[in-house]
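Note that the numbering used here gives residue 677 to position 66 of the sequence shown, counting from 1, and the numbers run on in steps of one. Beta carbons are placed, not taken as given, at the ideal position from N, Cα and C, and that holds for glycine.
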Amino acid sequence: MRLTLEVWRQTDPADTGRFETHVVDDATPEMSVVELLDRLNESLVEDGREPVAFESDCREGICGACGVTVDDRPHGPQPNTPSCHQRLSSWKDGETVRLEPLRSGAYPVVRDLVVDRSALDRIVQAGGHVAIQAGTAPDADTTPVDHALAEMALDFAACIGCGACVAACPNGAAHLFVGSKLTHLASLPGGREERGKRARAMIAEMEQDFGPCSSFGECADVCPAGIPLAAIAAVNRERMRVVLRGRND
Ligand code: FES
612 MRLTLEVWRQ
622 TDPADTGRFE
632 THVVDDATPE
642 MSVVELLDRL
652 NESLVEDGRE
662 PVAFESDCRE
672 GICGACGVTV
682 DDRPHGPQPN
692 TPSCHQRLSS
702 WKDGETVRLE
712 PLRSGAYPVV
722 RDLVVDRSAL
732 DRIVQAGGHV
742 AIQAGTAPDA
752 DTTPVDHALA
762 EMALDFAACI
772 GCGACVAACP
782 NGAAHLFVGS
792 KLTHLASLPG
802 GREERGKRAR
812 AMIAEMEQDF
822 GPCSSFGECA
832 DVCPAGIPLA
842 AIAAVNRERM
852 RVVLRGRND
């Protein structure tokens, strides 16, 4: 199939950037958006031109590296699907695909389709570690965890940190991301230590770079891990818990 690509090119953060048009005429419906970029870069390199900078790693929907904006939507047209799994079967032969970086004030463009998502890393770092004296490794059944609770915690732990939720949000909010971390850590026995301190620090860091949540819901619609909107309520719940208790436990 033949696809026209409108690709964002930007040499560095100071560059204003522009769309460049290219044609890939040997794409197949089974290829992913990331593989389409591979194919484009092969031809650019063969022509002695600079390849398009973009990120990818696992290409299995696990690592969160590959987020780009495809036809004005983070990751692409298929809901809850990372860019590395967005198949070209979503487009017809002869159509145009528009590729640009994830757009958010918190994600400065580094080059072409690569953005700096370290603002998300700073939130995780603010959460710190669990400072408990664990001693020697306990028996696996020393601390029983209800199966339904464990499954729920794992559902929220599935966040891959791609940052698409922020790019999809008109406010640039990171509540889905932060709520997923707070929920899975607060749900399990080991993570209940320093629960309040963690929530206070992560929410304060979030408010440095990200906007407020107005419950639009676009975040959950693009999330490759299917993190539910309940994560947003978790941010408010953990915030209120800290306020009402007035302490950091
Ligand atoms: S490359 Fe890892 S999630 Fe897409």
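Could you please give me the residues that DSSP links to residue i through a beta bridge?
i: V756; result: V756 is not bridged to any residue.
i: W702; result: Beta-bridge pairing links W702 to no other residue.
i: E617; result: T632, R709
i: V720; result: V726
i: T680; result: P685, E711
i: G822; result: A784
According to DSSP, simplified to helix, strand and coil, what is residue i?
i: R709; result: strand
i: H696; result: helix
i: F630; result: strand
i: P685; result: strand
i: T794; result: helix
i: R850; result: helix
i: R670; result: coil
i: A841; result: helix
i: G783; result: coil
i: G802; result: helix
i: S643; result: strand
i: G807; result: helix
i: G659; result: coil
i: G739; result: coil
i: C776; result: helix
i: D766; result: helix
Round the Cβ separation of residue i and residue j to the nearest angstrom and send it over; I've been treating them as touching at under 8 Å.
i: Y718; j: R733; result: Not quite, the Cβ-Cβ distance comes to about 13 Å (not below 8 Å), so this is no contact.
i: L731; j: P712; result: With a Cβ gap of about 15 Å, L731 and P712 do not count as contacting.
i: V721; j: P662; result: Contact flag wrong, Cβ pair sits at about 15 Å.
i: I771; j: G675; result: 4 Å
i: A869; j: S798; result: Residue 869 is absent from the model: the chain starts at 612 and stops at 860.
i: A589; j: G739; result: Lying outside 612 to 860, the shown extent of the chain, residue 589 is not represented and no answer is given.
i: V777; j: F821; result: 6 Å
Beta-carbon within less than 7 Å of residue i's beta-carbon, same chain only, minus the 5 sequence neighbours each way: which residues are those?
i: G716; result: G783
i: A831; result: L787, I838, P839, L840
i: T622; result: R722
i: F767; result: S791, T794, H795, I838, A842
i: R629; result: R620
Applying the criterion that 16 or more other CB atoms from any shown protein chain within 10 Å of the CB defines a buried residue, is residue i buried or exposed?
i: P685; result: buried
i: V708; result: buried
i: A845; result: buried
i: E805; result: buried
i: R809; result: buried
i: L710; result: buried
Note down, in chain order, each residue of its chain lying with its Cβ closer than 8 Å to the Cβ of residue i, except the 5 sequence neighbours on either side.
i: C695; result: S643, V644, V645, S667, C669, R670, E671, G672, C677
i: F827; result: C780, P781, N782
i: P638; result: The residue you asked about is not Pro; residue 638 is Ala in the sequence shown. Closer than 8 Å at Cβ, skipping near neighbours: M612, R613, L614, L647, R650, L699.
i: S701; result: G687, P688, Q689
i: R856; result: G807
Hey, is residue i's beta-carbon within less than 8 Å of any beta-carbon in chain C?
i: S700; result: Note that chain C does not occur in the displayed structure, where there is just one protein chain.
Which residues in the same chain have their Cβ closer than 6 Å to the Cβ of residue i, if we skip the five residues on either side of it in sequence?
i: E816; result: R733, I734, A737
i: T632; result: E617
i: V833; result: P685, H686, A775, A779
i: A664; result: R722, D723, V725
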